[in-house]
Amino acid sequence: MSLFAELKRRNVFKVAVAYVIGGWLLLQLTDVLSQLLDLPEVVGRVIVLLVVIGLPVALFFAWAFEMTPEGIKKEKDVDRSQSITQITSQKLNNVIIGVLVLALAYFAIDKFVLTPGSAQPAQPGSDPFSQQTSGHTTEVKEKSGLTPLNEPKSIVVLPFINMSNDPEQEFFSDGLSEELLNVLAQIKDLRVISRTSAFAFKGKDVDIPTIAAQLNVTHVLEGSVRKAGDDVRITAQLIEVSSDSHLWSDAYNRKLENVFEIQEEISKAIAAELQVTLGTSGNTGRPTEDLEAWQLFLRGRHLYQNRGAAQVERAIELLKQAVELDSRFADAWANLAAANIVHGYDKEEGYEDSYRDGHQAALRAIDIDPDHGFAHGVLGLIHMGEHSWDEAMQEYELAIRLNPNETNSLLWKGIAFMSLGYVDQAIAMFHQAERLDPVFTNVHNWLAIGYGTKGDIENLRRHRQKLRRLDPDFPGNMLTNLWMNTADLDLAEELMRAEELKFLGTDVLVEAMFSALRDPGRKEEAVKILLDNKNLAKGKDLTTYLWTIGAVDETLADFRQQRERGLRIANSMPMLWAAYNRTQLSNPAILEFFEANGMVDYWRKHGDPDYCRIDGESVECGDL
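Read in order, the letters of the sequence shown correspond to residues 24 to 647 in this note's numbering.
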């Protein structure tokens with residue numbers, strides 16, 4: 024008998040087929056279970072090794088041994104007349120059919136259930152993330168009744184889900200999402216939703232169509248990250264909402280040192296699918312060669328963006344460590360600058376040191392990377408606090424030109440316009456920011472302030488209501504409460520009293536202000552109460568109370584005391600243009616204040632603001 028015939032008689036071929044199909048199915052199930060149970064990658068590697076080693080062992084067993092009614096015997100000891108290899112062959116046929124059915128079922132589920140409409144088969148092991156990755160259902164059906172904006176090139180990068188056992192690794196998955204967002208934002212003909220709005224849906228059970236409609240995007244990028252030691256597994260998928268399809272998906276198993284290469288691969292793949300070209304400006308490559316510095320940066324940025332005094336202090340420590348490891352790390356310097364500015368704004372003492380450190384860090388970032396948009400934006404914020412208006416506007420314009428998809432500089436430039444009295448231009452800037460960050464609460468807060476300043480109560484109410492829907496706990500702006508209810512002082516007082524009790528812990532200031540609004544004869548008494556309780560306002564809002572009751576001299580005196588506090592005064596100045604109190608602008612002391620703070624010089628260079636006119640050396644302000 025030939026060797027081929029003997030191999031066939033001993034069922035070696037059928038054992039090989041059954042083993043290969045069963046082994047493949049085992050590997051797929053192992054990969055799925057590894058993701059669901061977050062097993063170490065070594066488990067999968069061991070099983071792969073055992074499957075490979077097991078094949079020659081199985082073939083040897085099929086050749087050298089035979090199943091008999093008396094049990095397993097060596098083939099040479101079995102009488103051919105008593106051999107039951109044909110019966111064994113039929114059993115193997117049944118095994119092969121059964122295993123094949125299971126394999127086909129798995130393939131069908133993977134192809135048509137877990138990744139419907141994918142442009143290409145899902146990568147091995149990507150299945151658990153295809154159905155639900157960032158906590159959002161990817162079954163893209165119109166459940167909300169909302170229709171996304173038909174803008175062909177728009178995308179949101181949802182926060183990648185942390186698949187690691189360690190919750191502390193949340194900063195890593197968030198950081199990777201933000202890094203991808205920053206790279207995509209360099210694509211000039213692609214509208215990329217800013218971080219604030221993208222991360223607003225983190226941990227919330229909101230379906231993809233609703234997210235796309237709220238953010239006005241046609242494409243969504245989502246994925247997952249699992250980091251264990253120096254190993255990292257990243258999955259990503261690009262969803263086209265209108266067609267209910269996954270345009271692209273992939274999975275990456277790499278060492279941590281290759282994470283920047285993965286980032287680049289994902290960005291290029293998305294650019295190719297959307298038929299756009301990746302830009303060359305900004306930080307599109309490796310931000311640092313020091314992985315430890317990069318991870319410290321991700322932790323620091325994560326804490327800074329979550330705010331809170333203790334978190335910002337810790338963020339500053341981590342970012343300092345990052346730049347100590349890599350003194351050429353521009354992103355770390357820029358975020359260190361921003362964290363210091365935020366820290367200084369919230370401090371009652373020592374703020375000068377924070378502002379100085381922030382200024383130096385911003386300059387350092389720009390020295391390393393002159394095209395760092397965020398660093399230029401932070402520098403503009405610093406200049407605005409100093410009332411160096413031209414310098415601030417120049418930095419904002421440069422920041423927006425370098426990174427047109429970054430919201431902060433648009434918002435800050437709008438606040439600068441508000442402070443200077445260019446209310447219509449400010450509102451236009453806030454709407455640009457809204458387009459990139461549709462659910463950014465502070466954008467809607469400033470839109471409410473802007474429209475309230477103009478006396479447009481309808482639009483004030485609209486943005487105020489949207490703000491409350493987005494964040495019921497957002498600190499209330501007392502001015503918008505007053506503007507909204509100028510005809511109903513009782514309602515205005517009720518709203519403001521509740522908010523001041525909530526955020527300041529007292530309503531003494533509100534009571535004093537409304538006593539003067541109802542009875543102008545009590546103005547002096549109210550001013551005394553406000554000044555005696557200045558500490559209750561924590562140095563931030565006292566000017567608002569004073570200005571509201573028409574205490575012009577006291578308002579300006581408080582402004583002058585705040586002058587050194589930088590940004591605090593910049594945030595308070597928009598109230599000067601309020602519709603209900605605009606007659607106060609004709610006070611000579613106000614005009615002197617405008618002159619002393621460089622505003623008149625700016626107007627002479629760039630044109631009259633909305634409520635002032637310059638004629639030669641004279642300046643006239645009010646309801647003109």
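Heads up, the beta-carbon is just placed ideally off N, CA and C, and yes, glycines get one too.
Euclidean distance between Cα positions of residue i and residue j
{"i": "Y378", "j": "A361", "result": "10 Å"}
{"i": "A353", "j": "W317", "result": "11 Å"}
{"i": "I423", "j": "E429", "result": "7 Å"}
{"i": "F283", "j": "R309", "result": "6 Å"}
{"i": "G396", "j": "G46", "result": "53 Å"}
{"i": "L204", "j": "V215", "result": "7 Å"}
{"i": "L279", "j": "A28", "result": "52 Å"}
{"i": "F194", "j": "Y327", "result": "11 Å"}
{"i": "E287", "j": "A259", "result": "13 Å"}
{"i": "A39", "j": "L78", "result": "7 Å"}
{"i": "D380", "j": "M622", "result": "27 Å"}
{"i": "G544", "j": "E534", "result": "15 Å"}
{"i": "E409", "j": "T567", "result": "20 Å"}
{"i": "I389", "j": "D494", "result": "35 Å"}
{"i": "N281", "j": "D100", "result": "57 Å"}
{"i": "E618", "j": "L404", "result": "21 Å"}
{"i": "V335", "j": "L52", "result": "44 Å"}
{"i": "R583", "j": "D267", "result": "58 Å"}
{"i": "D555", "j": "M536", "result": "13 Å"}
{"i": "A679", "j": "S220", "result": "Because the chain is modelled from 24 through 647, residue 679 falls outside the range shown and cannot be assessed."}
{"i": "F152", "j": "M186", "result": "At F152, the pLDDT of 26 sits below 50, so the modelled position is not reliable; the number obtained from the coordinates is stated separately. Using only the alpha carbons, I get a separation of about 10 Å."}
Terminal residues of the beta strand (DSSP E) in which residue i lies
{"i": "I257", "result": "D254 to E263"}
{"i": "D638", "result": "C635 to D638"}
{"i": "W435", "result": "Note, W435: premise wrong, no beta strand (DSSP E); alpha helix (DSSP H) at T430 to L443."}
{"i": "V248", "result": "H242 to A251"}
{"i": "D530", "result": "Neither: D530 is in no beta strand (DSSP E) and is coded neither H nor E."}
Continuous alpha helix (DSSP H) stretch holding residue i: start and end
{"i": "L90", "result": "Note that residue 90 is Met in the sequence shown, not Leu. M90 -> not in any alpha helix (DSSP H); beta strand (DSSP E) instead, spanning F88 to T91."}
{"i": "W317", "result": "L314 to N329"}
{"i": "N468", "result": "T464 to K477"}
{"i": "A294", "result": "V282 to L297"}
{"i": "E481", "result": "I480 to L493"}
{"i": "G367", "result": "A353 to D369"}
{"i": "M647", "result": "According to the sequence as given, residue 647 is Leu; it is not Met. Where L647 is concerned, there is no enclosing alpha helix (DSSP H), given that its DSSP letter is neither H nor E."}
{"i": "D273", "result": "No alpha helix (DSSP H) contains D273, which is instead part of the beta strand (DSSP E) from S268 to K278."}
{"i": "K343", "result": "A332 to L348"}
{"i": "K96", "result": "Premise fails: K96 lies in the beta strand (DSSP E), G94 to K97, not in any alpha helix (DSSP H)."}
{"i": "A106", "result": "Rather than Ala, the amino acid found at residue 106 in this sequence is Ser. It is not in any alpha helix (DSSP H) - S106 carries neither H nor E in the DSSP assignment."}
{"i": "V550", "result": "K546 to D555"}
{"i": "Q31", "result": "In the sequence under discussion, the amino acid at residue 31 is Lys, which differs from the Gln named in the question. Here the alpha helix (DSSP H) through K31 covers L26 to R32."}
Residue i and residue j closer than 7 Å at C-beta
{"i": "L348", "j": "R322", "result": "no"}
{"i": "A456", "j": "V466", "result": "yes"}
{"i": "P461", "j": "L244", "result": "no"}
{"i": "V240", "j": "V179", "result": "yes"}
{"i": "L421", "j": "H399", "result": "yes"}
{"i": "I234", "j": "F224", "result": "yes"}
{"i": "A126", "j": "I44", "result": "yes"}
{"i": "G645", "j": "R605", "result": "yes"}
{"i": "Y275", "j": "I262", "result": "no"}
{"i": "H325", "j": "D197", "result": "yes"}
{"i": "W600", "j": "T476", "result": "yes"}
{"i": "R541", "j": "D530", "result": "no"}
{"i": "A439", "j": "M407", "result": "yes"}
{"i": "I572", "j": "A539", "result": "yes"}
{"i": "D633", "j": "G437", "result": "no"}
{"i": "L434", "j": "E418", "result": "no"}
{"i": "R218", "j": "E201", "result": "yes"}
8 Å contact criterion, which residue i and residue j should meet: CB distance rounded
{"i": "V346", "j": "A355", "result": "5 Å"}
{"i": "A338", "j": "A357", "result": "A338 to A357, Cβ: 13 Å. No contact."}
{"i": "K557", "j": "A574", "result": "Not confirmed; about 13 Å, so no contact."}
{"i": "V124", "j": "W86", "result": "Incorrect: roughly 27 Å between the Cβ atoms, too far for contact."}
{"i": "I289", "j": "S247", "result": "Not really, about 13 Å apart at Cβ, beyond 8 Å."}
{"i": "A292", "j": "W271", "result": "6 Å"}
{"i": "P597", "j": "I472", "result": "6 Å"}
{"i": "L565", "j": "D581", "result": "6 Å"}
{"i": "K176", "j": "L213", "result": "5 Å"}
{"i": "A41", "j": "I119", "result": "5 Å"}
Closer than 6 Å: residue i CB and nearest the ligand MG heavy atom
{"i": "I572", "result": "Questions concerning the ligand MG fall outside what the structure shown contains, since it holds no ligand whatsoever."}
(message) My parser needs the alpha helix (DSSP H) runs of 4 or more residues fully inside the segment 175-220; what are they?
(response) 193-207
(message) At 4 residues or longer, what runs of the alpha helix (DSSP H) sit wholly inside the segment 599-633?
(response) 611-619 and 622-629
(request) Only counting runs of 4 or more residues, tell me where the alpha helix (DSSP H) segments fall wholly within the segment 396-423, in order along the chain. (result) 396-408
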